[in-house]
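Read in order, the letters of the sequence shown correspond to residues 0 to 264 in numbering that gives the first Met the number 0. Built from N, CA and C at the ideal position, the CB exists for glycine as well.
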Amino acid sequence: MTSRLSPMFRMPICFGPAPGPRNLPHDREDQRYLKDTTTLSLSARSDPSLLAAMLPASFTLSGEPRIGVTFMMFRNIGWLAGRGYNIVVIGIPARWDGKETREGHFVPVVWESMADPIITGREELGWSKIYADVADLEPDGGGWRTHAEWEGFRFLEAEATDFSPGEPDPPKPMMFSKYMPRTGEWGTADVSYTTITAPDGPPPRPVSSEIGTGRFAFHPARWEDMPTQYPIVNTLAALPLDDFGPARLVRTSGGGDGSGQRILR
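In structure tokens:
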């Protein structure tokens, strides 16, 4: 048996405090920041009006109108007892003007391949996470290829090649629109606010960093293909894409656990 947990709760609450990425048993806390991460980052220029249409109130586009697609493979994760999963993060360069002003990337959606990080990230951090089968990065003729699908329907594909050593981009804050519906009052919010990432825990240790070329494509979906996600995929598939930016492949070890996430005022 493991030792006790800190008093952090999620549904179902009848069984006591909930373990997760920010709540390990006290005798396992030495594994809190353990993980190995491989990140493939891609971007393309798109229509600024279509990008702006995805931004909630108090956000505006910031800088060049680009859409970012980032694939991440997490392995040897401490809070999952050594297991791993894959994710896709969509980012839009944006500025928040509220009581405070921040610039970074607004993240309209994140796809992940495991339920546990989806549930903890949605409820605790306010990340807009949903499920997809996100493939591993696969070697492909000196480069890499990957995709994401839902119940066999492939809605996103990406490839990258021509890599050589290069420095990674400095990280920028990610901002999210947290929303939880109110039970019985359909169409109204129980929770609705913006959250933002902030540094926490030890910084990730760099292992390698490369720069190459790459591209990605979203494929339109019918209701029959993705009954609960087709509006999301089709909004992204409608974006015109050109001027694909450098592909960046970065490997790191360790890093924070998201506990620095906060409400953006």
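Assignment of Trp78 by DSSP, reduced to helix, strand and coil, places it in the helix class.
For Thr193, the secondary structure class from DSSP, reduced to helix, strand or coil, is strand. A straight line joining the alpha-carbon of Leu49 with that of Cys13 spans about 44 Å. For Ala51, the enclosing alpha helix (DSSP H) starts and ends at Pro47 to Ala51.
Annotated as distal: Thr119 and Thr251, with beta-carbon spacing of 8 Å or more.
The residues Arg65, Gly67 and Gly244, in chain order, have a CB closer than 6 Å to that of Ser42 in the same chain once the five nearest residues on each side in sequence are set aside.
In the structure shown, Leu39 falls within a strand segment according to DSSP collapsed to helix, strand and coil.
Counting only runs of at least 3 residues, the stretch 158 to 195 fully encloses the following beta strand (DSSP E) elements, listed from N- to C-terminal order: 173 to 180 and 188 to 195.
The alpha-carbon of Ile210 is positioned some 10 Å away from that of Ser40.
In the displayed model, Leu23 falls within coil according to three-state DSSP, outside both helix and strand. For the 8 Å CB-CB criterion, Trp110 and Phe58 do not form a contact.
Contact between Trp149 and Asp132 holds, since their C-beta atoms are separated by about 7 Å, short of 8 Å.
Taking 8 Å as the cut-off, the Cβ atoms of Pro16 and Leu4 count as close. Between Arg264 and Glu99, the C-beta spacing is below 8 Å.
Here Phe73 is near Tyr84, since their CB atoms are less than 8 Å apart. CA-to-CA, the gap between Asp224 and Ala216 works out to about 17 Å.
Look at Glu123 here: in three-state DSSP terms it is helix.
Sequence-distant partners of Ala93 (beyond 5 residues in either direction) whose C-beta falls short of 8 Å from its own C-beta, in its chain, are Leu54, Phe58, Thr59, Leu60, Ser61, Glu102, Gly103, His104, Phe105 and Met174. Boundaries cannot be given for Val106, as no beta strand (DSSP E) includes it and DSSP labels it neither H nor E. Distances from the alpha-carbon of Arg153 to those of Arg221, Ile262, Gly254 and Arg204 put Arg221 closest.
Contact check for Pro172 and Thr196: beta-carbon distance about 5 Å, within the 8 Å limit, so the pair qualifies. Comparing alpha-carbon positions, the option among Arg247, Glu63 and Gly253 lying closest to Asp168 turns out to be Arg247.
The three-state reading of DSSP puts Tyr229 in helix, counting H, G and I together.
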